[in-house]
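Numbering (our numbering), first residue to last: 556 to 1540.
Worksheet for the structure shown next.
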């Protein structure tokens, strides 16, 4: 640095080698000592300033600071005589050239660095080394100067290559740090370099430079044939973190340290691999193994954690135990008293802890008997699983969490694996590949894609993402039916992770049996899940059906296997809900960056996004919720922190006011969230904080558990012995009366029930553009496809409103794979779709349609049969569309959506209205033409289909072939010709 005023400044970490153990300087007021170093040659100048100095006539003298700063073994070359001489040294810095041979260079965070090795000494280098080691005394504990007359010293230096700023492209090397090693002899022709000192100047710390510097000189040593291994002399804490990080990163690339091998314990193969490939000593390789094994251990798997802990204990106990041979020698050499003293030294930490537990158990027994006083202060729960005292009462899963910190409070971590300088990830980064995310509305459409893919020569790695409800193979969980109950039960079983067997806990009185209601899922097995993942990646388990069958037979979870396989699959099939909803996407680990998205049946995209981000709550739900919240608060209010109790009271207040408002309104009303807050008089509530509290504390899950708990208590209170005991004759008479009453009830005429819809709140998303844009912008390319995309203007406009420019959108349309001759009256078996259609109706219709008599199906446009169902060949030789299915324009939700679109674009509301109708028509027509050789007649029975404004909104392959203004006899004639011509093909 040519400018002393702007040079980087930092304080020393220690000065006891210069100013004694107390690190004090005597005799000055307002003392300030600044030591300036040249950035290249490290010449230094000491600037001392103070307001007053003690006078020597009082018999006391102030410390000579310069004298104390100069180490006795250092020649006067280190310090310059004055500021003028120091400035002359600064001017000559650009001529400095690093000593030794450059072994590596790298670039980090926009800066260039070079690493040099110096093994031969010179007078000039020795002076330079003295200067840098003198600087090291301020930062390295017990730092001492090396004797360069000894040829076994080896030095590495790291420099930052900087521009001089003179405009001629010249550069200069600024010292960033150094490392000193001593080459110890190893039999018979090897050396064992030992790291004695390592320093990185403060301005280069916490940026990853230290790890790269260490890896650079270790790589150079590994390339030297005579090096046996590399050791360290008395490492400090920060150096240990750094060394562990570098060695762990290197060992992670060795196959001997794979996750499976780590589970099997430390092996000779690991030691040899570390020694031969990385020059790591046996003791350090064992340390690296323990770090990597802990890192690879599933922290939720108690058995795996226990196995890892026992493995470490075995290594710790080895030096503390004496062998049988040692004991025999002691018995022969020592007296009885000496043997007792030797045995006392044999008590290890585990035995000491067991002794303490016995004492504690004894004190607890005394407290129960009233022998000693019992403190009424609340004690912290036991933290160590091996020695936790288990209460007889089971844990209350519905109780509130004490771990939630509100208003920005953060729980502090008490341990870190590595130093801040070492940026190592806590979890393995799974291998990734370029992938296509193919999304559709239904799983049946995804299965059709897999079938069609099998007919091609392309065989990518395929996985289908589905919900727990579809993939779960645990019968106990599946019987819950509802998805949210299945999810909660799955999380509960995985969280428990304990066996169904009774647990035993040893106490002072013997073995005490503890009942355990907790169960674990037998299918959540890591090794079996890994086998399923391998089956997916080998293209043996493509469909959800194949995956669930294999999961049942192998006792592995298909749901978690499919999630784990996603990063390595090239084609990921998923329903709209997984791809288009941010929370679900994150839960599945779906990374859209630099990948391709294909949205099939894309005319459904906007309506799906609206549905995913909309919700409703009825008056009945609010009534039940208010009752539940009040009961919950009454039971647990003493266990809640003050701030968390406030949130619970706010939740109760919000629910109550919503219910009151709902009962007071008699008409439909539309309002924004701000208007709703004013109407409910809840402006003082922070709804975002309240929502965060509900989410972070799993409050919904706790409410559900509390509700089930309450119901169980109600059932238990109804005892069977409340009823009077009856004799055998009395029981027969009661049974007869019950049968007569039942027959009388059945004979009565059933009165029709009139259902009145209860009022409700409905939250709707009016603008899906932002939600769609965040998906489109995240990926490399998005393809929206469908056979019935028209009318597509609304979709294009929505993309534009999501900041997707018109120049980024390309439109392509092609003709259908069938020709004109393939598209265009006996009694049939009749089937009709209704709200309560049986699941077997489609199968019954398919069977009847394949008979000579045939069948006819009356379905609803926009219903289940009109989208996603394949009516190919004889299942759909004709499609008759009667009318145009326009939605109810006066509905409050549609009215608001149209009003919003009108505010965003001209005629936007009407565009939505027309699109909703014509998409249903196009989807219904498309059910019949399913492959290249398929054919069907399409009849459009509505005068409006003859209008150009309506016909242009049909899919192109339909509209171009439409014939209008035909008489009935002409239709019959053309139909006969059409079917005769195609039946002969």
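Quick reminder that beta carbons are idealized off the backbone N, C-alpha and C, glycines included.
For clarity, every value in this text was computed on a predicted model and none was experimentally measured.
Would residue 1509 pass as a contact of residue 1476 if the rule is Cβ separation under 9 angstroms? yes
One question on the structure: do residue 1323 and residue 1164 come within less than 9 angstroms of each other, judged by their Cβ atoms? yes
If I'm right that residue 995 touches residue 1155 with Cβ under 8 angstroms, what's the distance once you round it to whole angstroms? 4 angstroms
Is DSSP giving residue 687 helix, strand or coil here? helix
Could you tell me which of 1401, 1413, 1368 and 704 sits nearest to residue 1387, measuring between CA atoms? 1413
If we call anything under 9 angstroms between Cβ atoms a contact, is residue 1478 one with residue 1158? yes
Where does residue 1199 fall in DSSP's three states? helix
Rounded to the nearest angstrom, what separates residue 1048 and residue 1076 at their Cα positions? 5 angstroms
What is the rounded straight-line gap between the Cα of residue 1325 and the Cα of residue 1333? 12 angstroms
From this set, 1128, 1176 and 1249, which residue's C-alpha is nearest residue 1214's C-alpha? 1176
With respect to the alpha helix (DSSP H) encompassing residue 1030, which residues constitute its N-terminal and C-terminal limits? 1030-1033
Those residues which DSSP pairs with residue 1337 across a bridge: 1152
Pull up the distance between the alpha-carbon of residue 1331 and that of residue 1355, whole angstroms please. 12 angstroms
Are residue 1147 and residue 992 touching if we call contact CB-CB under 9 angstroms? yes
At the level of alpha carbons, what is the spacing between residue 1420 and residue 1397? 9 angstroms
Compute the distance between the beta-carbons of residue 1128 and residue 1019, then report whether it is under 9 angstroms. yes
Any chance the region 1018-1038 sits against the region 1092-1111, with 3 or more Cβ pairs inside 8 angstroms? yes
Buried or exposed for residue 643, going by 16 or more other Cβ atoms inside 10 Å? exposed
Which first and last residues belong to the beta strand (DSSP E) in which residue 752 is found? 745-755
Do you know how far the Cα of residue 848 is from the Cα of residue 1001? 40 angstroms
If we count the other Cβ atoms within 10 Å of its Cβ and call it buried at 16 or more, is residue 1349 buried or exposed? buried
Between the region 1456-1468 and the region 1494-1504, do three or more beta carbon pairs fall short of 8 angstroms? no
Report yes or no: do three or more beta-carbon pairs, one from the region 779-790 and one from the region 716-725, lie closer than 8 angstroms? no
CA nearest to the CA of residue 1390, picked from 1415, 1407, 1406 and 1384: 1415
Proximity to residue 1227 [Cα-Cα], best of 616, 1251, 1483 and 1321: 1321
Taking the C-alpha atoms as reference points, what is the distance between residue 1042 and residue 1263? 16 angstroms
Cα separation between residue 635 and residue 786? 37 angstroms
If you pair each beta-carbon of the region 1426-1444 with each one of the region 1128-1145, do three or more pairs fall below 8 angstroms? no
Cα-Cα separation between residue 1111 and residue 1007, rounded to whole angstroms: 28 angstroms
Please go through the region 1082-1157 and give each complete beta strand (DSSP E) segment of 3 or more residues, from N-terminal end onward. 1126-1130 and 1151-1154
Return the CA-CA distance between residue 1239 and residue 1245, expressed in angstroms with no decimal places. 12 angstroms
Spell out the partners DSSP gives residue 732 in its beta bridges. 713 and 755
Whose CA, out of 755, 1407 and 1338, lies closest to the CA of residue 793? 755
Would you kindly report the start and end of the unbroken alpha helix (DSSP H) that includes residue 1189? 1174-1191
I think residue 1359 touches residue 1328, with their Cβ atoms under 8 angstroms apart; what is that distance to the nearest whole Å? 6 angstroms
Quick check: the Cα distance between residue 853 and residue 1119, rounded to an integer number of angstroms? 14 angstroms
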